[in-house]
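Quick note, the sequences are listed as chains A and B, same order. With this note's numbering applied, the first sequence corresponds to residues 13 to 470, in that order. With this note's numbering applied, the second sequence corresponds to residues 1105 to 1490, in that order. Backbone N, C-alpha and C fix where the C-beta goes; we use that ideal spot for every residue, glycine too. Contents: one structure, followed by commentary.
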Amino acid sequence: MSFDPALAEIRFGTGLSPRVPPPQGVAEMVDSLATPDIIETTVSVPPFPEAVLYTHALRQLRRENRMAMGTEAADETQARLMTLSQDAVELRRQALAATYIRAAETGSGMRERLTAFWADHFTVRAKNFLTQHLVAPYIESAVRPYIAGPFSLLLKQAALHPMMLDYLDQTPSAGPNSQVVERRGGGLNENLARELLELHTIGVGGPYAQVDVRELAELLAGVVWHQDDTDPSYRAQQAEPGAETVLGRTFSPDARLSSVMEALEYLAVHPATAAHVSGKLARAFVSDAPPQDMVDEMAAAWLDTGGHLRAVYTAMLRHPAAWAPARRLVKPPFDFVASALRALGLGQAELGALPADRAWGQLGVPLRAMGQSWEEPVGPDGWPDEPAAWVTPQFYAARIAWAMATPDRLMDLPDPRDFVGAALGPLGSPEVQRAAAAAETRAEGVGVVLASPDFQRR
Amino acid sequence: MDRRRFLQGSLALGCSAAASPLVAPVAFASTPGDRRLVVILLRGAMDGLDVIRPVDSREWRAARPTLSEDASAGADLGGGFALHPALSDLAPLWQAGEMAAVHAVSTPYRDKRSHFDGQDLLEAGIGDLEEGLRDGWLNRLVGQIPGARADLAYAIGRERMLILDGAAPHASWSPEVSLLLTPQGQRLLEFLCAGDPLFGLALEEALAVAESLPGQEDVRGRADHLRLADFTAERLRGEARIASFSLAGWDTHARQDIGLKNALQRLSETVLALRDGLGPDWDQTAVACITEFGRTFRENGTGGTDHGTGGAMLLFGGAIRGGRVYADWPGLGESQLYGGRDLLPTRDVRAHLGWMLAGLFGVSQTAIERQVFPGLELGPDPGVLA
């Protein structure tokens, strides 16, 4: 079991493409992670500091609109508010199209997959309309640039990002003995602290107890997202006086952001974090039951390098099990649709030309019925990796329905017999070849190839 | 559903028919009776102390200065309890004996207060997670019902439903999906799935359900929770007797006054849609709404509550002996709380569920204690059924 270019694209990337050649080795795959692919710059998603201006403008306009009620200006402010709201909705839909186009055209499929993996590891959800367009910009600014560096850097960027602070109710959290609470009440909120331990770092099986959650929550108190900022800030008045002890380590009694950062750096290289996150990576990329020695080697690389992620990925890709021919995992719905577009050769020229509402209707809405509503995971634990979670009768039916009908609406379809080669390369089985040839129409032929377990698995 | 035609079709194509729960050993002669059970999973940890409120308690008011502000607005339930005002539309059900609450209960899950582990334990119905997850308790219940066919029990919606996962036959579907295939397209897909049991079974069941669906009604604009309720009622009026789905939105860490109100509004509409959809069969129905754990006794610093321990189960339906709060109330004094912070669970919620299952489906107490909820001691019958 050794490196295989088709498996590299299918298992670790966004699928085979008739346009983009697959990587030729592990070194090439890992090297490609460090710098953005050209498509990431030509097809852009606004960075968070830019996109959040819509939030500010919307908030401002809502205020003006309230003030204008009953006056002559009311119609005009109402119209402006409607336009801006539509723009913000459009922004979210454009980000979906951009994410598909990047997956379809990138020369580094693994960069896209890792970006999605870490965005899921650090799941955020928009809590209201004012932030509904900010998930993709969060990923663009806080996740994508940090996927190939030290985990501590990614952790600090993502777990303390304004979107995370908003999603996990951190901003109003104040130490029980803080100045703010003494003056006007309030108190602690444990949500972010709990998920930081349970999901982001050491894992629910890790060595922590309620008291660690509490202490970490006290340490985090003071990290806030102020409405008009683009970065988190620190309000010492909300901080709990005194030192906090998390997992046996006591952090500086000084109320400042650097104490919080110290704690995150400590958690980032904790052996339980290395084991938990390495196992999760292996389950997302290799197998629902990865060999223990693979996870151990990844965790060892983690600890040897202070959590340098490229070393961890290299350990995964150097392990023979990474290249096992049996494809055990199932592409989640977004990845299924993205890999279908890539195999069909649909990229910026075609998808970029679709009106935004049409792209949303063909490529966004169907994800719901497949079980993966775009940017709407159920909880902070994100989407599942287990194949069985995705292949239920209703979800698989939705995939089949999409495969049979949607490509036909988007393009002049290729001959299904040729399409087997484009979609599966040397991994296309004789059965898929036979089925593609036996279909009654092109749409059905392409549909059965896309809906086949051969294409669904990776 | 034209089962025979479906079976012949799939057997002729050799599509992993032998392993399918839809064609698992089936005794067509026996029927499971008229009683119906709906289990609604309230994902996110519903705050039992805010839904079924101990309004006479001074401690409760003191611990929840913001959340108790509208304490006098909800229906009086007797025994010092009042209903959250957002459930006022359900108060007539309470009066009619078709709604009850079980309070100060929980699963055996303690101390780590993780939603995900908490929900796994709630659905697995076992004592702890040390030996991993195998199947769900509703699935093991189905295993105790003689002659159960795949369309007896339905997991409905887009959520993963561990509660019905397992070896016993069951079906799953989401009301928003439709599957239209040409005969040739169907044959080709069956051929391609033959070597992959996971996809083979999903395809087979999808085809079976799609065939059994009534004509596609236009349901655009109908909210998700109502579509779940409609589909559940439609299945239960047919062959199905057991159904489960989930409602999210209960994780109210901040501004619980708003968040919980919205979640309860959806729950209220869901229950009423089930009642309306079930029509005369509502009298034979028990609906159990369960959640992974309760929330902290005290309101937190942000107008919400954090993850706690003891909570409440809500029961609905004509098969329920309603109009009362079932509880061995622990009190809310400092020393009476669990860990000084949570409502103390005084009984395992599985005991109430277990007695209910025994009564609804004629399953023996031994089977409940050994198979459905292994290791549980049922204890005395709380008598939640009418």
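Distance between residue j and residue i (C-alpha atoms, nearest Å)
| i | j | result |
| --- | --- | --- |
| B:D1232 | B:P1212 | 7 Å |
| A:P332 | A:A20 | 13 Å |
| B:D1485 | B:D1452 | 13 Å |
| A:T53 | B:A1347 | 49 Å |
| B:A1205 | A:D397 | 36 Å |
| B:A1455 | B:V1488 | 11 Å |
| A:T47 | A:V324 | 17 Å |
| A:K139 | A:L180 | 10 Å |
| A:G359 | B:R1345 | 48 Å |
| B:D1221 | A:A336 | 31 Å |
| A:F24 | A:V390 | 25 Å |
| A:S164 | A:P188 | 28 Å |
| B:Q1288 | A:S385 | 31 Å |
Unbroken beta strand (DSSP E) run spanning residue i, endpoints
| i | result |
| --- | --- |
| B:Y1258 | A1257 to I1260 |
| A:V193 | That residue, A:V193, is in no beta strand (DSSP E); its alpha helix (DSSP H) goes Q191 to R196. |
| B:W1277 | A1275 to W1277 |
| A:G218 | Taken as a continuous stretch (DSSP letters only), A:G218 belongs to no beta strand (DSSP E), as it is neither H nor E. |
| B:F1349 | I1346 to A1352 |
| B:A1490 | Careful: B:A1490 lies outside any beta strand (DSSP E) and carries neither H nor E. |
| A:E256 | E256 to V258 |
| B:S1210 | M1203 to S1210 |
| A:I159 | Looking at the DSSP string, A:I159 is not in any beta strand (DSSP E), and its letter there is neither H nor E. |
| B:I1394 | T1389 to T1395 |
| B:A1416 | G1415 to F1420 |
CB contact flag (residue i, residue j, <8 Å)
| i | j | result |
| --- | --- | --- |
| A:L436 | A:D466 | yes |
| B:G1270 | B:R1244 | yes |
| B:S1476 | B:G1178 | Checking the displayed sequence, the identity of residue 1476 of chain B turns out to be Val instead of Ser. Cβ distance not < 8 Å, so B:V1476 and B:G1178 don't count as in contact. |
| B:I1394 | B:L1146 | yes |
| A:P344 | A:L315 | no |
| A:V461 | B:L1302 | no |
| B:G1240 | B:L1256 | no |
| A:A18 | A:P438 | yes |
| A:P399 | A:R340 | yes |
| B:A1149 | B:R1399 | yes |
| A:P30 | A:S44 | no |
| A:A100 | A:Q144 | yes |
| A:V32 | A:L329 | no |
| A:L146 | A:M175 | yes |
Bounding residues of the alpha helix (DSSP H) (the contiguous stretch that carries residue i)
| i | result |
| --- | --- |
| A:W95 | The identity of residue 95 of chain A in the sequence shown is Thr, whereas the question assumes Trp. Looking at the DSSP string, the run of the alpha helix (DSSP H) that includes A:T95 is A86 to E117. |
| A:T47 | Element bounds for A:T47: n/a, residue is neither H nor E. |
| B:C1180 | The identity of residue 1180 of chain B in the sequence shown is Asp, whereas the question assumes Cys. Premise fails: B:D1180 lies in the beta strand (DSSP E), D1180 to G1182, not in any alpha helix (DSSP H). |
| A:R123 | G121 to H133 |
| A:M382 | Where A:M382 is concerned, there is no enclosing alpha helix (DSSP H), given that its DSSP letter is neither H nor E. |
| A:A311 | Q304 to D316 |
| A:R74 | F60 to A80 |
| A:A400 | P399 to W402 |
| B:G1381 | Q1360 to L1382 |
| A:R454 | R454 to A463 |
Cβ neighbours of residue i in the same chain (closer than 7 Å, five flanking residues each side left out)
| i | result |
| --- | --- |
| B:L1194 | M1203, S1372 and V1375 |
| A:L231 | E256, V258, F263, S271, V272 and A275 |
| A:L211 | P392 and D393 |
| B:L1378 | V1142, A1333, T1336, A1337 and V1391 |
| B:A1259 | M1265, L1268, H1274, S1276 and S1348 |
Beta-carbon contacts of residue i that lie in its chain and below 8 Å, excluding the five residues immediately before and after
| i | result |
| --- | --- |
| A:S56 | A110 |
| B:E1473 | G1458, G1479, L1480, E1481 and L1482 |
Neighbourhood of residue i by C-beta, 6 Å cutoff - its chain only, sequence neighbours within 5 removed
| i | result |
| --- | --- |
| A:T26 | A115, G121, E124, A350, S351 and R354 |
| A:T118 | D49, I51 and E124 |
| A:T317 | A323 |
| B:S1161 | L1436 |
| A:S464 | V444 |
| A:A107 | V57 and A148 |
Short CB-CB distance (under 8 Å) between residue i and chain C
| i | result |
| --- | --- |
| A:T404 | Given the protein chain composition of this structure (A and B), no chain C is represented. |
Contact set between the segment 1384-1405 of chain B and chain A, restricted to residues whose Cβ is under 8 Å from the partner = Listed in chain order, the positions of the segment 1384-1405 of chain B with a beta carbon within less than 8 Å of a beta carbon of chain A are N1404 and G1405.
Practice problem: Name, going along the chain, the residues of the segment 1219-1249 of chain B whose beta-carbon falls closer than 8 Å to a beta-carbon of chain A. | Solution: Residues H1219, F1220 and D1221.
Interface positions of the segment 1289-1323 of chain B facing chain A (Cβ-Cβ less than 7 Å), listed along the chain
Here the close residues are G1289, L1292, L1293, F1295, L1296, C1297, D1300, L1302, F1303, A1306, L1307, E1309, A1310, V1313 and A1314.
- Task: Determine which residues of the segment 206-224 of chain A have a Cβ less than 8 Å from any Cβ of chain B, and write them out in chain order.
- Result: Of all residues in the segment 206-224 of chain A, R206, E210, V216, A221 and Q222 have a Cβ within less than 8 Å of some Cβ in chain B.
May I ask you to list, following chain order, the residues of the segment 1346-1365 of chain B that have a beta carbon less than 8 Å from some beta carbon of chain A?
Listed by position, the residues of the segment 1346-1365 of chain B near chain A (Cβ gap below 8 Å) are A1352, D1355, H1357 and A1358.
Fill in: Where the segment 59-81 of chain A meets chain B: residues whose CB sits under 8 Å from a CB there
Listed by position along the chain: nothing, the set is empty.
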